[in-house]
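Trainee: Per our numbering: the sequence shown = residues 4 to 385.
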Amino acid sequence: MPQKKRLNVGLIGYGFMGKVHSNAYLQAPRFFDLPYQPVLKAVCARTPEKAKEFAANWGYESVESDWRALVRRADIDLIDIASPNDTHAEIAIAAAQAGKMVCCEKPLARSAAEARPMVEAVEKAGVANMVWYNYRRVPAVALLKKLLDEGRFGRIFHYRSQFLQDWTISQDLPQGGQALWRLDAAVAGSGVTGDLLAHNIDMALYLNGPITEVTAMTETFIKERKHNLTGKVAPVTIDDASAFLCRFENGSLAMFEATRYARGHKALFTLEINGERSSATWDLHDMHRLGYFDHRDPGEVRGWRSIHVSDGDQPYMGHWWVPGLQIGYEATFIHQLADFLIAAGGGKSIGPTFRDGLATDYVTDAVLKSARSRQWEKVEGQ
Ligand code: SOE
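1. In whole angstroms, what separates the C-alpha of L111 from that of A118?
2. Beta strand (DSSP E) containing T215: first to last residue?
3. What does K8 pair with, by DSSP beta-bridge criteria?
4. Over what stretch of residues does the beta strand (DSSP E) that includes D297 continue unbroken?
5. Nearer than 6 Å: is that true of the beta carbon of D205 relative to any heavy atom of ligand 1?
6. Between V134 and the rest of its own chain, which residues show a CB-CB distance below 6 Å, the 5 nearest in sequence each way excluded?
7. Let me confirm a value: A72 is counted as buried when at least 16 other C-beta atoms fall within 10 Å, else exposed. Which label applies?
8. Is the beta carbon of V46 sitting closer than 7 Å to the one on Y63?
9. Tell me whether the beta-carbon of E311 lies closer than 7 Å to the beta-carbon of H291.
10. In the DSSP assignment, find the beta strand (DSSP E) that holds W285 and state where it starts and stops.
11. Under the rule that 16 or more other beta-carbon atoms within 10 Å means buried, what is E380, buried or exposed?
12. With distances taken Cα to Cα, identify the nearest neighbour of T273 among Y264, R266 and H288.
13. For the beta strand (DSSP E) holding H91, just list the boundary residues, first then last.
14. In terms of residue numbering, what span does the beta strand (DSSP E) encompassing L274 cover?
15. Check whether the Cβ atoms of I225 and V239 sit closer than 7 Å, and answer yes or no.
16. Thinking C-beta only, is G13 closer than 7 Å to K55?
17. Taking the beta strand (DSSP E) that N132 belongs to, which residues open and close that run?
18. Given that a residue counts as buried once 16 or more other Cβ atoms are within 10 Å of its Cβ, and exposed if not, what is A189?
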């Protein structure tokens with residue numbers, strides 16, 4: 004077998020996403036034929052002990068405690084940003100200027116204004132780039148995309164999507180700091196709009212095209228929480244729930260909702276799309292199933308099909324076990340990395356690129372603006 008080109012990865016961040024990405028670098032070359040062999044070269048974290056622990060567990064060869072030192076290293080080919088949202092822009096721009104490939108956790112940035120120079124930097128440097136909107140790579144979602152691209156749905160009338168969680172309902176939960184920066188708007192940019200709705204929006208832009216205008220409402224149910232960095236009770240700055248109506252460029256109408264206050268729901272990401280000839284449904288808690296209805300089926304057998312997307316001729320599944328057996332959440336990152344490395348080997352980037360991440364940030368900006376203005380708002384940059 005010819006030797007694969009080694010691709011030295013420098014990871015920044017060691018939380019939940021640091022683990023998921025590290026797993027993808029280890030597993031992708033085992034299941035996919037890739038032009039590169041990823042090497043876990045260095046992990047960077049502000050606390051050296053944490054970085055060392057993480058490196059020992061995942062097999063990173065070295066540790067850094069300053070991301071600038073990591074970006075300067077000549078032996079690093081790819082910078083992976085899995086640190087909180089307020090760090091994405093500076094790191095990504097420096098990495099692109101140093102000529103590295105850049106993979107960034109979602110959302111790309113805290114706002115479109117912050118994301119724009121990131122897009123300029125990667126495009127000017129001509130480096131491969133992507134944003135980890137992993138749910139596009141669920142096999143059932145990839146199959147839905149294929150069916151849509153084949154024109155089976157006809158004109159699209161409706162799109163609906165929700166992301167429901169319940170982990171912030173307790174008043175006793177503090178905000179801010181290492182584990183809870185998602186509750187601090189200064190670090191995260193926003194609450195569920197940038198964290199959860201961003202997934203719904205990325206997938207909708209991918210499946211149904213650009214969104215032109217939105218009207219939104221947001222709510223912060225718990226107004227004050229103890230801040231982990233100061234120990235003091237402080238106003239909560241994020242949105243706890245966010246919902247919006249919108250119009251797509253293709254003329255379809257849509258409803259979106261995300262919340263961390265839907266008691267009983269942990270990560271219920273759902274979507275439904277209704278076209279002139281076909282409709283489809285999908286939800287993350289039953290992620291292998293695609294609901295599909297085709298009005299052109301003969302009347303006597305017409306009805307909703309529940310397609311278990313686990314067969315070798317369905318997207319990605321031929322790389323895994325035998326037909327009918329399932330894969331997990333972590334596989335979506337493995338698929339995304341495999342697609343990225345195959346494209347990078349041919350000198351290209353695949354979606355979601357930084358430019359696609361910016362498109363999502365334009366929509367989340369419009370959602371937050373509309374919630375404040377209580378008016379319909381145009382989505383910029385479309
Ligand atoms: C929040 O709880 C979160 O972990 C998001 O940050 C992820 O992007 C989402 O996939 C699951 O929920």
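Where is the CB? At the ideal position from N, CA and C, for every residue including glycine.
Mentor: Reading off the structure:
1. If you draw a straight line from the Cα of L111 to the Cα of A118, it is about 6 Å long.
2. Segment I214 to E222, the beta strand (DSSP E) holding T215.
3. Beta-bridge pairing links K8 to Y39.
4. Per DSSP, D297 belongs to the beta strand (DSSP E) from R292 to D297.
5. No - ligand 1 has no heavy atom lying nearer than 6 Å to the Cβ of D205.
6. Cβ within range, chain order: C107, K109, L111, P355 and G360.
7. With fewer than 16 other Cβ atoms within 10 Å, it is exposed.
8. For V46 and Y63, yes; Cβs fall inside 7 Å.
9. Contrary to the premise, residue 311 reads as His rather than Glu in this sequence. Contact: yes.
10. Note, W285: beta strand (DSSP E), S281 to D286.
11. Answer is buried; the Cβ neighbour count reaches 16.
12. Closest by alpha carbon: H288.
13. Not the beta strand (DSSP E): H91 falls in the alpha helix (DSSP H), residues H91 to Q100.
14. Under the DSSP assignment, L274 falls in the beta strand (DSSP E) whose first and last residues are L271 to G278.
15. Remark: C-beta atoms of I225 and V239 approach each other more closely than 7 Å.
16. Not closer than 7 Å, so no.
17. Per DSSP, the continuous beta strand (DSSP E) segment holding N132 begins and ends at N132 to V134.
18. With fewer than 16 other beta carbons inside 10 angstroms of its own, A189 counts as exposed.
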